[in-house]
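Engineer:
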Amino acid sequence: MGFKDFNEYSAEEISLWLIAQGLGEQSSKFLAEGVDGDFLLTLSADDLKNDLGLTSLQAKKLMKNIEFSKTIGASDEKGKEVDKLMREVNELEEKVQVLQHAVKAKDREIAELRNKISGMQVTETRSPAPPQPVPHSPAHAPKPAPTPAPAPMGRRVVGGAARGAAGGAVKGAIVGAILPGMDAADGAAAGAAVGAFGGGVGGLRGGRRR
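One point on numbering: in full-length UniProt numbering, the residue at position 20 of the sequence shown is 20, and numbering is uninterrupted.
1. Exposed or buried, Gly-53, counting other C-beta atoms within 10 Å across all chains shown (16 or more means buried)?
2. With 7 Å set as the bound, which would you pick, yes or no: does the beta-carbon of Ala-45 sit closer than that to a beta-carbon of chain C?
3. Which whole-angstrom value is the C-beta distance of Ile-19 and Phe-30, which I expect to be below 8 Å?
4. Using beta-carbon positions only, say whether Ala-59 and Lys-70 come within less than 7 Å of one another.
5. By the 10 Å Cβ neighbour count, where 16 or more other Cβ atoms means buried, how is Leu-40 classified, buried or exposed?
6. Tell me the rounded alpha-carbon separation between Val-35 and Glu-88.
7. Within the continuous alpha helix (DSSP H) that includes Lys-29, where are the two ends?
8. For Phe-68 versus Gly-37, is the C-beta distance shorter than 7 Å?
9. Classify residue 250 as helix, strand or coil using the three-state DSSP reduction.
10. Who are the near neighbours of Asn-65 in its chain, counting only those whose CB is closer than 6 Å to its CB and skipping five residues on each side?
11. Just tell me which of Ser-118, Ser-44, Gln-100 has its CA closest to the CA of Met-63.
12. Taking DSSP as the reference, what is the three-state secondary structure of Asp-38?
Okay, here's the thing in structure tokens:
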């Protein structure tokens with residue numbers, strides 16, 4: 001328990017204080033006059049001698065003890081203030097520790113999130129790209145065989161006439177040898193002419209059908 005400030009002492013406490021100072025015989029007069037700590041601080045050495053019956057030596061001693069008690073009270077008050085400040089410091093340190101733990105926890109969460117993000121980026125970088133579809137070229141249909149160009153009309157007619165002439169000559173020669181009055185050469189010539197005409201007409205008809 002700390003000391004009270006001297007000005008807070010009651011008359012009874014001042015009486016006890018005087019006893020502790022070796023002035024017990026004067027304590028009753030102080031108590032009878034109702035001298036408390038606040039009032040005692042206003043008294044001078046002459047007041048102590050004239051009003052309260054102290055000798056000069058006792059008055060000087062009392063004045064020194066009052067100053068000493070005031071110092072103790074001030075020191076004790078400072079001690080109380082220091083204790084109060086220390087309690088506040090301890091409370092602030094506890095709060096700082098709590099905040100530091102919270103910051104460390106958040107730092108761990110941030111580090112874990114960064115690791116996850118880095119892992120996802122590495123996976124995306126290393127994963128092979130999906131194969132691109134190969135465009136299917138349309139199957140080439142076989143080219144149709146070229147249509148043979150039709151033979152010229154004149155060639156068909158000439159060919160047919162030639163074949164007809166050859167066949168008619170043979171037939172005419174056979175007929176000329178059989179019939180009286182006609183030799184084989186005349187029959188062949190006549191047959192060739194008739195056959196040529198017939199073959200040419202046949203070739204012309206065949207070209208029109210086409």
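All C-beta atoms, glycine included, are put in the ideal place defined by N, C-alpha and C.
Structural biologist: Working from what's here:
1. For the purposes of this step, residue 53 is taken as residue 53 along the sequence shown, with counting starting at 1. So Gly-53 ends up on the exposed side.
2. Going by chain labels, chain C is absent from the structure shown, which holds only one protein chain.
3. If you number the sequence shown from 1, residue 19 lands on position 19. If you number the sequence shown from 1, residue 30 lands on position 30. So it is not a contact: roughly 10 Å between Cβ atoms.
4. Taking the sequence shown and counting its residues from 1, one reaches residue 59 at position 59. Taking the sequence shown and counting its residues from 1, one reaches residue 70 at position 70. Not a contact, by the Cβ cut-off of 7 Å.
5. Reading the sequence shown from its first residue, position 40 is the one you call residue 40. Counting of Cβ neighbours within 10 angstroms places Leu-40 among the buried residues, the total reaching 16 or more.
6. As a working mapping, residue 35 is identified with position 35 in the sequence shown. As a working mapping, residue 88 is identified with position 88 in the sequence shown. A direct Cα-Cα distance of roughly 38 Å separates Val-35 from Glu-88.
7. As a first step, residue 29 is located in the sequence shown; it is residue number 29 there, counting from the start. Run containing Lys-29: 24 to 32, per the alpha helix (DSSP H) assignment.
8. Numbered from 1 along the sequence shown, position 68 holds the residue referred to as residue 68. Numbered from 1 along the sequence shown, position 37 holds the residue referred to as residue 37. Cβ atoms of Phe-68 and Gly-37: not closer than 7 Å.
9. The displayed coordinates of the chain run from 1 to 210. Any statement about residue 250 would go beyond what the structure contains.
10. Numbered from its first residue, the sequence shown carries residue 65 at position 65. Residues Gln-21 of the same chain have their beta carbon placed closer than 6 Å to that of Asn-65, with the five preceding and five following residues left out of the count.
11. Your numbering for residue 63 matches position 63 in the sequence shown. Scanning Ser-118, Ser-44, Gln-100 for the CA closest to the CA of Met-63 turns up Ser-44.
12. Counting from 1 along the sequence shown, the entry for residue 38 is found at position 38. Assignment of Asp-38 by DSSP, reduced to helix, strand and coil, places it in the helix class.
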